[in-house]
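Numbering (the working numbering) for the sequence shown: 172 to 345.
Beta carbons are placed, not taken as given, at the ideal position from N, Cα and C, and that holds for glycine.
Worksheet: one structure, shown below.
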Amino acid sequence: MASANNNNNSNDKHVRNINPQTAKKEFSLSEIEKLLEKYFEATATVAEENKLKEYFSQTDVAPHLEEYKPMFEYFSVAKEEKSTQDIPLKPRKNRNYLKWISVAAVAAIIFGVYLNRPIDTPSPEIALEEEYTKEEIQSAQLAFALLTDNFQKGTQGASYLKEFERNTNRFINN
């Protein structure tokens, strides 16, 4: 019998000589079930997955495990598939021009501000004293001082809120 197998192998070298009885002995049913459980829990190694693929590629599979056979056959067929469609890759656009546009915009704004400034204006203190009395100027200065104090308190409160939000997000994300 061994000589008959040797003759078959010498004639056709592409056919694997697997005796179904010896191949079935390689895989115990409990071992395959354990490997399946590990496979579905995503803890199986590559070697164990290959063992499962080899088992399910046989013609003789346990009846209660027949439902998994198409899945493993699909994996072996899908592994061999190759796309023939060309995927066009868009070349990366050069965005250096955006830097120059922003520099030009800033230069235009500065130039516009420079051209729009009044040429011969008196100093602000002289203009205010000519138009308003000293009491009116002092009350305006007092109002601006109060506004500044309240604005500073508001910005401090906003910084506390920002810190609170950052800490809250840190706890929520963890």
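Going along the chain, which residues of its own chain have a beta-carbon closer than 8 angstroms to the beta-carbon of residue i, five neighbours each way excluded?
i      : result
Thr255 : none
Lys224 : Phe243, Phe246 and Ser247
Phe335 : none
Trp271 : none
Flag this pair as yes or no: are the beta carbons of residue i and residue j separated by less than 8 angstroms?
i      : j      : result
Ile258 : Tyr226 : no
Lys222 : Val232 : no
Any idea what DSSP makes of residue i, helix, strand or coil?
i      : result
Thr230 : coil
Glu336 : helix
Ser199 : coil
Thr214 : coil
Ala329 : helix
Can you give me the Cβ contacts of residue i inside the same chain, cut-off strictly under 7 angstroms, excluding the 5 residues immediately before and after it?
i      : result
Glu220 : Tyr210
Ala215 : Leu206 and Lys209
Is residue i close to chain D? Criterion is C-beta to C-beta, closer than 8 angstroms.
i      : result
Lys305 : Reference to chain D is not applicable here, since this structure consists of a single protein chain.
Within the present structure, is the beta-carbon of residue i separated from the nearest heavy atom of the ligand GTP by less than 7 angstroms?
i      : result
Val284 : This structure does not include the ligand GTP; it has no bound ligands of any sort.
Counting only runs that start and end within the segment 239 to 318, where is the alpha helix (DSSP H) found for 4 or more residues in a row?
Whole alpha helix (DSSP H) segments, 4+ residues: 240 to 251, 267 to 287 and 295 to 302.
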